[in-house]
Amino acid sequence: MIDADPLGADSSGPAAPTTERAPQPAAHLTRELEALLFAAGRPLDLDSLREAASYHEPMEKAAVAAALEVLESRYPVGGDKGFELARVGGGWLFRTNAACELALARLFDAGEELRLSPAATETLAIVAYLQPVSRPQIAEIRGVNSDSALHTLLDRDLVREVGRRDAPGAAVLYGTTTRFLVAFDLADIGSLPPIEEFEVGDDQREELKRRLGLVVAPG
Amino acid sequence: MRVLDLDLDVYQGPFDLLFTLILREEVDIFEVPIVEVILAYVEELAATDAVDWEALTEFLVLISSLLELKSRVLLPGEEVGIEDADAELSKDVLLERLLTYRRYKMAAASLAEVRERQRGRLVREPARAPRRALAPDEEIRGSQAPASLTRALGRLLESHRLPDTSHVAVLRIGLNRQIAAIRRLLRERGSFSFEEEFGTEEPMVQAVSLLALLGLVSRGDVKVAQSSHFGDITVKHVDIQRVALRGTA
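From first to last, the protein sequence lines are chains A and B. For the first sequence, the working numbering assigns the number 1 to the initial residue and increments by one for each residue that follows. For the second sequence, the working numbering assigns the number 220 to the initial residue and increments by one for each residue that follows.
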């Protein structure tokens, strides 16, 4: 067979697992990954899964990725199974199917602890988009002191301290946690919708300018 | 002036209130009825028994920010001068701040929406505590905050596994053993340096050895000499003859 695509033939490149060429993953590997993810209760990344599966000899990354793909197709998000394998929080996680919410809510608290006040949600959005971010920066954007909202977020493990600003005063900087990514269905922090999406429309902007007295209204 | 029905509790700050007034209630900033807002709040305050100081402070901040914003835009705009240039600038700054705030408010609304969809997506608790119970490296790297160390240790303590103590040896030490050891050393050598023999032992072994030595000294079995305070102790056999003499006395 002639390789028609000389660029695509480089097998030493970064391993984007190509399902066509990768051999069918060993059944025992798929089974083991399934067990690990079932027991974990938190997102497991490729490296952790590979490390756990490498009890005899180092396991190929591509083999683990291929086995994960098998599992993803076995437990698709929003499929007809009671639970699904989701790519969230920098790894893979089993969670219940959202379609089962009503039945689940009759027996369990459906994430009630993650109900947030508008103030806390606004603060969370600012931390998520601007991290690492300091308290004064958050207060500047919101126009009010946001300490109590930030405390709620720290308590619920949605936000954490990520360091200190390398400047006089060394303000504490905050960022989001893996729990945040899981709670808001994000594979990683880069999967947040771009902030530009929340820009106000041109007409609203003009209206605002007019009402603020920045432009003189015609007539 | 029309009457606004404002529930002040629901506003998240001066920008939020201003945005609502301007865009939803379609009020020009010149018309924002600050006196009405204050009167409404005071009435509400009079109706409640206990004063919520935090809410009161927030209201003061809110209303004074609003006053500041309003006074800025009320500055006359037709005269040309440096002060007006400043006023125009601060209006631009105000617009930018309003727009920035609006952006994050919308982002928050989108997060809340996602969260609502997530309500049916439950995750099991982990079956077992993970073997590696320490905080992930990236959580403590670069942080000088004691809080993160506390959390890391907390996570370690939460682990249900008992810590592996196989490397900790049981200390076997007793007075009689050390007395026997000192006697053996003296039998073999006649005299020895305490520092050389016991200096590298565990503190407990050193302490018990010293007690053993003092016991032997008080019984008159050994002689000790120390040239300076806290210096090395030289241990010697007592002359056998003297022991014998004392024995017959």
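We put the beta carbon where it would ideally sit given N, CA and C, even for glycine.
Looking at residue i: is its Cβ nearer than 7 Å to the Cβ of residue j?
i: G418/B; j: H456/B; result: no
i: F94/A; j: L85/A; result: yes
i: I392/B; j: V441/B; result: no
i: G91/A; j: L44/A; result: yes
i: P25/A; j: A62/A; result: no
i: A53/A; j: M59/A; result: yes
i: E161/A; j: A371/B; result: no
i: R321/B; j: V200/A; result: yes
i: L158/A; j: R142/A; result: no
i: F234/B; j: L330/B; result: no
i: F184/A; j: A326/B; result: no
i: V70/A; j: T30/A; result: yes
i: F108/A; j: T96/A; result: no
i: V127/A; j: T177/A; result: no
i: R343/B; j: G79/A; result: no
i: F238/B; j: Y260/B; result: no
For residue i and residue j, which I take to be in contact (beta-carbon distance under 8 Å), what is that distance rounded to the nearest angstrom?
i: S134/A; j: L173/A; result: 6 Å
i: V88/A; j: L186/A; result: 6 Å
i: L314/B; j: L212/A; result: 6 Å
i: A324/B; j: E122/A; result: Residue 324/B is actually Lys in this sequence, not Ala. Going by Cβ atoms, the distance from K324/B to E122/A rounds to 6 Å, so yes, they are a contact pair.
i: E550/B; j: L404/B; result: The structure shown does not extend to residue 550/B, since chain B spans only 220 to 468, so no value can be given for it.
i: L33/A; j: L49/A; result: 6 Å
i: E207/A; j: L242/B; result: 7 Å
i: V454/B; j: F413/B; result: 6 Å
i: M423/B; j: L390/B; result: 6 Å
i: R156/A; j: L130/A; result: With a Cβ gap of about 19 Å, R156/A and L130/A do not count as contacting.
i: V144/A; j: L285/B; result: At roughly 12 Å, the Cβ-Cβ gap does not stay under 8 Å, so V144/A and L285/B are not in contact.
i: P345/B; j: A39/A; result: 7 Å
Based on the DSSP output, what are the partners of residue i in its beta bridges?
i: S410/B; result: K455/B
i: V270/B; result: V270/B pairs with nothing; no bridge assigned.
i: V133/A; result: Y174/A
i: L44/A; result: W92/A
> Is the number of C-beta pairs between the stretch 189-206 of chain A and the stretch 335-347 of chain B that are closer than 8 Å three or more?
Replying inline: no
> Which residue spans inside the stretch 420-456 of chain B form an unbroken beta strand (DSSP E) run of at least 3?
Replying inline: 441-445, 452-456
>> For a minimum of 4 consecutive residues, which ranges assigned as the alpha helix (DSSP H) are wholly contained in the stretch 158-189 of chain A?
In response: 178-183
> Can you list, in chain order, the stretches of the beta strand (DSSP E) that have 3 or more residues and sit fully within the stretch 62-118 of chain A?
Replying inline: 83-88, 91-96
> At what residue ranges does the stretch 191-215 of chain A contain a whole run of the alpha helix (DSSP H), taking only runs of 4 or more?
Replying inline: 202-211
>> What are the residues in the stretch 29-58 of chain A lying within 7 Å of chain E by C-beta distance?
In response: The chain labelled as chain E is not found among the protein chains of the depicted structure, namely A and B.
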